[in-house]
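Whatever position you read off the sequence shown (first residue = 1), add 192 for my numbering. Ideal placement from N, C-alpha and C gives every residue a C-beta, glycine not left out. Below you'll find the structure, written out as structure tokens, and then a few comments.
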Amino acid sequence: MMPNRRTVLGLTAALALAGLAMPAFAEGNLVVGAYPSNPPFEYKTEAGGFEGFEVDIATEAAKRIGKGVEISDLGFQALFAATASGRIDVAISSITITKERLASQSFTQAYYDADMGIATRKDSAVAGAADLKGKVTGGLSGSTGEKWLKDNQEKLGIAEIKGYNAQQDLLLDLMAGRIDAAVSDVPGMEYAFLKMTDLTVKERIKTGEQYGLMLRKDHPLLTQLDAAIGAMKTDGTLAAIHKKWFGTDAPAGSSTVTPGPIPTP
Numbered sequence: 193m194m195p196n197r198r199t200v201l202g203l204t205a206a207l208a209l210a211g212l213a214m215p216a217f218a219e220g221n222l223v224v225g226a227y228p229s230n231p232p233f234e235y236k237t238e239a240g241g242f243e244g245f246e247v248d249i250a251t252e253a254a255k256r257i258g259k260g261v262e263i264s265d266l267g268f269q270a271l272f273a274a275t276a277s278g279r280i281d282v283a284i285s286s287i288t289i290t291k292e293r294l295a296s297q298s299f300t301q302a303y304y305d306a307d308m309g310i311a312t313r314k315d316s317a318v319a320g321a322a323d324l325k326g327k328v329t330g331g332l333s334g335s336t337g338e339k340w341l342k343d344n345q346e347k348l349g350i351a352e353i354k355g356y357n358a359q360q361d362l363l364l365d366l367m368a369g370r371i372d373a374a375v376s377d378v379p380g381m382e383y384a385f386l387k388m389t390d391l392t393v394k395e396r397i398k399t400g401e402q403y404g405l406m407l408r409k410d411h412p413l414l415t416q417l418d419a420a421i422g423a424m425k426t427d428g429t430l431a432a433i434h435k436k437w438f439g440t441d442a443p444a445g446s447s448t449v450t451p452g453p454i455p456t457p
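Below, the structure written as structure tokens:
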């Protein structure tokens, strides 16, 4: 018997309902929002694509849950509204996990500890904070690094603190020996030291800040992406990504190599 129009429509409706019963996120790409000028975490290439530490993390995590990645170029503040509204699935851009943000967003486990560091020339006798007595140090004017130097100047016996308007100027003076040490954010310095190979971070200063993938509150892919990041730590993939972008091994015990829980408010 040839099917009549009503039968065909009924079959079409049933198939459509069956399709709707499947999760909406079962197929397609993971849509990721990123600030376009945040090296080495993420940045836009001349060809218009995205590269960086967090780009590699998001791409690998997506691959492990069977998805590709589509990256949208967004301003930093726009990332929060974009996840909340569902315009994007995931936001990356050195986003610190905080209690305030966890009230309206979800995060995977942390994958980077955003510490400051004390940097010197590799041949310097300065090995850390204890050796800054009588030394000339530098930091970016108005930064947390400069604040740390000022807060600790008397205790450590720092002879002089120089402020700089640009990271490049700070590190060029360090390389030239015009200052004995510099205090700044570790990721930016380590990225610069891939080319300025005479410089190195001698000691990390813990800030307690950590970065993770940000999603809208209770996103259905949260647990899968979190599990993927945990597995990347266990099998060494995340450590290799860190080495690629920062030129150094991830610190032992850091969130880059140590699996952790999904953050809660």
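Bounds of the alpha helix (DSSP H) holding I249 are F245 to R256. Taking a contact to require three or more Cβ pairs closer than 8 Å, the stretch 435 to 455 and the stretch 256 to 269 do not qualify as touching. For Y383, no pairing in a beta bridge is given by DSSP.
Beta-bridge analysis with DSSP links E395 to I310.
Contact fails between the stretch 223 to 237 and the stretch 288 to 295, because fewer than three Cβ pairs, one in each stretch, are under 8 Å apart. Under the 8 Å Cβ criterion, the stretch 405 to 414 does not count as touching the stretch 321 to 328, having fewer than three qualifying pairs. Cβ neighbours of D365 within its own chain (closer than 7 Å, five residues either side excluded): G330 and I371. Proximity to S447 across D307, Q416 and G439 peaks at D307, based on C-alpha coordinates. In terms of Cβ geometry, A302 and Y227 do not form a close pair [threshold 9 Å]. D377 is classed as buried because its beta carbon has at least 16 other beta carbons within 10 Å across all chains shown.
In the DSSP annotation of this structure, R370 is not part of any alpha helix (DSSP H), being labelled neither H nor E.
In the DSSP assignment, the residues bridged to D377 are M308.
Look at the beta carbons and you see the stretch 378 to 391 touching the stretch 431 to 440: at least three pairs across the two are nearer than 8 Å.
Only exposed fits I257, as fewer than 16 other CB atoms lie within 10 angstroms of its CB. Note: G225 is bridge-paired with S264 and A283 in the DSSP secondary-structure output.
Taking C-alpha positions only, I353 is separated from K347 by approximately 14 Å. In the three-state reduction of the DSSP assignment, M424 falls in the helix class, which pools H, G and I. G331: member of the beta strand (DSSP E) spanning V328 to L332, first to last residue. Cβ-Cβ distances below 6 Å link G260 to N221 in the same chain, with the five nearest sequence neighbours on each side left out; the list follows chain order. In this structure, A250 is the residue among Y304, A239 and A250 with its C-alpha nearest to the C-alpha of G225.
A check of alpha carbon separations from K435 across L386, I284 and I350 identifies L386 as the nearest. In the DSSP assignment, the residues bridged to Q297 are R408. Taken atom to atom, the span from the alpha-carbon of S277 to that of G422 is near 27 Å. Looking at the DSSP output, K347 sits in no beta bridge, so it has no partner there. The beta carbon of S333 sits closer than 7 Å to those of G355, Y356 and N357, all from its chain and outside the five residues before and after it, given in chain order.
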